[in-house]
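See structure below.
There are 2 protein chains.
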Amino acid sequence: LGLPLRVFDPATLEAETPRLANPSELVFREIGCHGVAEAAALAAAGEGGRLVVEKRKSRRATCAVAEAPAILDPERIGRKRGTLALIGMGPGRADWRAPEADRLIAAATDLVGYSLYIDLLGPAAAGKARHDYRLGEEELRVRAALDLAAEGRDVALICSGDAGIYAMGSLLWELIERGGRPDWRRVEVTTVPGISAMQAAASRIGAPLGHDFCAISLSDLMTPWPAIERRIAAAAQGDFVVAFYNPVSQRRRFQLARAREILLAHRPAATPVVLGRNLGRDGETLTVTTLGELTVDMVDMLTLVLVGSSESRALTLGDGTPRVYTPRGYGDKPEAQRA
Amino acid sequence: LGLPLRVFDPATLEAETPRLANPSELVFREIGCHGVAEAAALAAAGEGGRLVVEKRKSRRATCAVAEAPAILDPERIGRKRGTLALIGMGPGRADWRAPEADRLIAAATDLVGYSLYIDLLGPAAAGKARHDYRLGEEELRVRAALDLAAEGRDVALICSGDAGIYAMGSLLWELIERGGRPDWRRVEVTTVPGISAMQAAASRIGAPLGHDFCAISLSDLMTPWPAIERRIAAAAQGDFVVAFYNPVSQRRRFQLARAREILLAHRPAATPVVLGRNLGRDGETLTVTTLGELTVDMVDMLTLVLVGSSESRALTLGDGTPRVYTPRGYGDKPEAQRA
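The following block contains the structure:
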């Protein structure tokens, strides 16, 4: 039909009950109004409208048609379906943010996120309704974003890094699946991927992620420590390059030291370690040390810790800057043997 | 001084030998000219110039000063230092490419890469010298890029995905470190990170990378199969979400089947598996299956295979589209206990 989708809330539909041809107690108990298709048709047609085709069912939809006394403006019927753009803004600098993210932020009515991340958007955040949350308020943040979108707003939920890597993505889908809110399930979600901290650190220092790697969060807020330790041991046995996210917090200090011990049992003390802090933001620092020399005091909450595999190599350029990379394979093969 | 850095090749410097105050046989044997600082000063000052400060050394640099008979245009002295921008262009669509990548591509004189990737740049590639290479010519490609940059060109080496993840990054640094070419070491390298295939697939299907994950290449071109198998076993033991890159090739078929077997010994047959093909390009497909149902015939060279952990969940939205996510932690905890 080339017409926009418009939606009504149950209370608006329930107000049409006296005019329904086929009111249903079952529907009322399920969703709070006595009819959906007929009620929506009548609500759209307005007070002077009348039902011309009663409710018909297919396996996946029901349909009814009402006639309005005059031509309708679709933009004034009910409201549109809300959208939620889950945005991975990357580490911070605007020129590492996907243009799709900028487009969806520009189209948003509401920005939801941790205050610092919204601030990092700079001028792109201007003129939007801001819904600021603190660190630790992840679930509140995602619930607020879903509620706003369910009301028909165009919401951008702002994450740093990649929205699907230690960010709001998995919580969003968990709430959509298990939150018990049918209106959340109907929100149109678009996810824009972003540059994660390990990629930012890697691109700055060389190519430490050049061969098989893994990402492990050292936060035991949601995952019991024995499960994390099991992952670290597996990463050590598999000789993966390891990116540690959330390496320490103010009260959480021993985990990184324990991770270092486990890795040291399987790879040399000279294994290069990259510490990236404030990546892609003002005050960015990059330090190269070794697994043997790594101490917890070198690391804070804002640090990404990247530990090389047994094959990773460190070098120093002519101007003194360090570089770290992980070769693609094991040992040297001339080009001819690689084809 | 606020002046640009300009460089000379050894042959140009060697031509100044008759005018040097301190010619050196040692320097000649090392780099092919009898002087660097004095020769460069004289070469810059031109035929009518004369040496006014002889060579002086510090621990990290040598310096000499020559006087020219007239004011010089720095742009006409020697040539500038070449640059190499290592670009991760993401999966293909322009609106997932970092603006920094676009800026460096626009500034480049030469584009080097696999033909398909350069083609995917579309209008951004127009007007540049193109150096197209085929699949398998990775080392030739990177050598060509380094040679061009060493000659003073502004080169963009184009990779798909992230330049540091199964792309040219690690080969570039390997050649810079071990290639035996001092001129390559002096090239100014900038790396722009990009969206890797696993992130593209994840953002399309939900948030399967929402908790600890690893990336494993199943290509045994550079890595012996036992080492790869050891990594898969470790990933299985650690219950990582696994992104398999290079899952199959025309001659390489058994690896994915073996990987599936190893993982099935540690996680349920119902574990969700995401197959992403042509991500972010025309003809993109996304399929959700299970580890039990996965067969090699579902996968080709262009497919990214993402296997969930034992915690990953699949759901179906109201409109029938599948979603997969990995919860942040283990088990359910109410918000209050998480703080």
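So the protein sequences, as listed, match chains A and B.
The opening position of the first sequence corresponds to residue 844 in the working numbering, with each subsequent residue numbered one higher.
The opening position of the second sequence corresponds to residue 844 in the working numbering, with each subsequent residue numbered one higher.
Think of the CB as a built atom: it goes at the ideal place given N, C-alpha and C, for glycine as much as any other residue.
Treat the numbers as computed from the prediction; the structure is a model and nothing was measured.
Minimum Cβ-Cβ distance from A/Pro1069 to chain B less than 8 Å: no
8 Å Cβ cut-off: residues of chain A touching B/Asp990: The contacting residues do not exist; B/Asp990 stays about 15 Å from chain A at best.
Straight-line Cα distance separating B/Trp939 from B/Glu1072: 33 Å
Is it buried or exposed for B/Asp1125, if we count other Cβ within 10 angstroms and need 16 for buried? exposed
Run down chain B in chain order and give the residues with a C-beta less than 7 Å from the C-beta of A/Trp1016. Gly1049, Ala1050, Arg1166 and Tyr1168
If you reduce the DSSP assignment to three classes, tell me which class A/Glu1154 lands in. coil
Assign B/Gly1119 to one of three DSSP states: helix, strand, or coil. strand
Give me whichever residues DSSP pairs with A/Pro1165 in a beta bridge. A/Thr1159
Classify A/Ala1050 as helix, strand or coil using the three-state DSSP reduction. strand
Identify which residue in B/Val1139, B/Thr1133 and B/Ser1153 has its Cα closest to the Cα of B/His1109. B/Ser1153
Distance, Cα to Cα, B/Ala1102 vs B/Arg924? 47 Å
Does the beta-carbon distance from A/Val998 to A/Leu915 come in below 8 Å? no
Keeping to the same chain, check which residues put their C-beta closer than 6 Å to that of A/Thr1033; ignore five residues upstream and five downstream. Ala928
Local conformation of A/Thr1066 per DSSP, three classes: coil
From what residue to what residue does the beta strand (DSSP E) around A/Leu927 run? Thr926 to Gly931
Just to make sure I have the definition right: I need the residues of chain A whose C-beta is within less than 7 Å of the C-beta of B/Gly1081. Which are they? Arg1073, Arg1074, Ala1077 and Ala1078
What residues match up with B/Lys898 in a beta bridge as DSSP calls it? Paired residues: none, contrary to the question.
Please list the partners that B/Ala858 has in chain A, where partner means a Cβ-to-Cβ separation under 7 Å. Within chain A, no residue comes near B/Ala858; the closest Cβ sits about 24 Å away, beyond 7 Å.
Going straight from the alpha carbon of A/Arg1181 to that of A/Gly1037, what length do you get? Residue placement at A/Arg1181 is poorly supported in this model, since its pLDDT is 38, which falls under 50; the coordinates still yield a value, given next. C-alpha separation (whole angstroms): 33 Å.
Are there any heavy atoms of the ligand ZN lying less than 7 Å away from the beta-carbon of A/Arg1074, as far as the coordinates show? Here there are no bound small molecules, and the ligand ZN is not part of this structure.
By alpha-carbon positions, which one of B/Ala888, B/Pro853 and B/Ala987 ends up nearest to B/Arg996? B/Ala987
Using DSSP bridges, identify the partner residues of B/Ile1001. B/Ile930 and B/Gly956
Just to make sure I have the definition right: I need the residues of chain A whose C-beta is within less than 9 Å of the C-beta of B/Phe851. Which are they? Residues of chain A passing the Cβ test: none, with the nearest at roughly 16 Å.
is_contact[A/Ala1058, chain B] using C-beta, thresh 8 Å: yes
Exposed unless 16 or more other CB atoms sit within 10 angstroms - verdict on A/Pro1177: Confidence is the limiting factor: at A/Pro1177 the pLDDT is only 39, short of 50, which leaves the residue's position unreliable, though a coordinate-based value still follows. Result: exposed.
Start-to-end residues for the alpha helix (DSSP H) that takes in B/Arg986: Glu981 to Ala993
C-alpha distance - A/Thr905 paired with A/Cys876, whole-angstrom precision: 15 Å
Proximity of B/Ile1008 and A/Leu1147 at Cβ, strictly below 8 Å: no
7 Å Cβ shell around B/Pro853 - same chain, five flanking residues per side excluded: Ile874, Gly875 and Cys876
Residues that DSSP places opposite A/Asp975 in a beta bridge: A/Gly956
Under 8 Å Cβ-Cβ, which residues of chain B neighbour A/Asp938? Ala941, Pro942, Glu943 and Arg946
Could you tell me the boundaries of the beta strand (DSSP E) in which B/Phe1056 lies? Phe1056 to Ser1060
Taking the alpha helix (DSSP H) that B/Val870 belongs to, which residues open and close that run? Glu868 to Ile874
Considering B/Glu857, what are the terminal residues of the alpha helix (DSSP H) in which it resides? Pro853 to Glu857
Using the three-state DSSP reduction, which class does B/Arg849 fall into: helix, strand or coil? strand
Closest to B/His974 by C-alpha separation, out of B/Asp953, B/Leu964 and B/Leu989, would be which residue? B/Asp953
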